[in-house]
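Using the numbering used here, the letters of the sequence shown correspond one by one to residues 1 to 131. Yeah, the Cβ is synthetic: ideal placement off N, Cα and C, and Gly gets one too. Below: the structure, in structure tokens.
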Amino acid sequence: MGIREDVFYEGGPHRGDLIISILLAFTVIFIPLTVAAIVRALWLRYRITSRRISITGGWRGRDRSDVIYSEISKVATVPRGIGTWGDIVVTLKDGSRLEMRAIPRFREIYDYIAERTADKTGKAVSAIKMM
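What follows is the structure in structure tokens.
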């Protein structure tokens, strides 16, 4: 029997990111950003549980990254889409970064990650909130 994990969030990027990017594609300059938003909508999935953060992405969703909370040293958030979704950047103890783009409910998810990190490491996570 495996260790139980409680899922807090499981899903893809916020739909608003895709909709705004498609609308901006009419101004030819934003076409590359629109393509990126379409690829994110098709193949990017986030899973945030009581034990780890898992991100499945890459070409056709073939890459997966897992991070346990005890490896996190800093978390930064940046609101987008008039604050309805946002980006979260998790910095690990080894200096590498994990970016999560267009996260719905990003404030709740940030609080959840910060709480779990504090529980696992015994100290508060260094946080940066951009407003």
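If you draw a straight line from the C-alpha of residue i to the C-alpha of residue j, how long is it?
i	j	result
TYR112	LEU23	32 Å
ARG15	ALA41	8 Å
TRP85	ASP6	23 Å
ASP63	GLY12	15 Å
GLU108	ASP17	18 Å
ASP119	ILE53	15 Å
TYR9	VAL75	17 Å
TRP59	VAL67	20 Å
ILE29	ARG4	47 Å
THR27	ARG116	42 Å
SER21	TRP43	16 Å
So if DSSP puts residue i in a beta bridge, which residue, or which two residues, is it bridged to?
i	result
ARG60	Partner(s): none; ARG60 has no beta bridge.
ASP87	VAL78
For residue i, which three-state DSSP category applies?
i	result
SER96	coil
ARG51	coil
PHE26	coil
Assuming residue i contacts residue j under a Cβ cut-off of 8 Å, what Cβ separation, rounded to an integer in Å, is found between them?
i	j	result
LEU98	SER73	About 12 Å; that fails the 8 Å criterion.
TYR46	ILE55	6 Å
Just checking, does the segment 76–84 make contact with the segment 28–35 on the three C-beta pairs under 8 Å criterion? no
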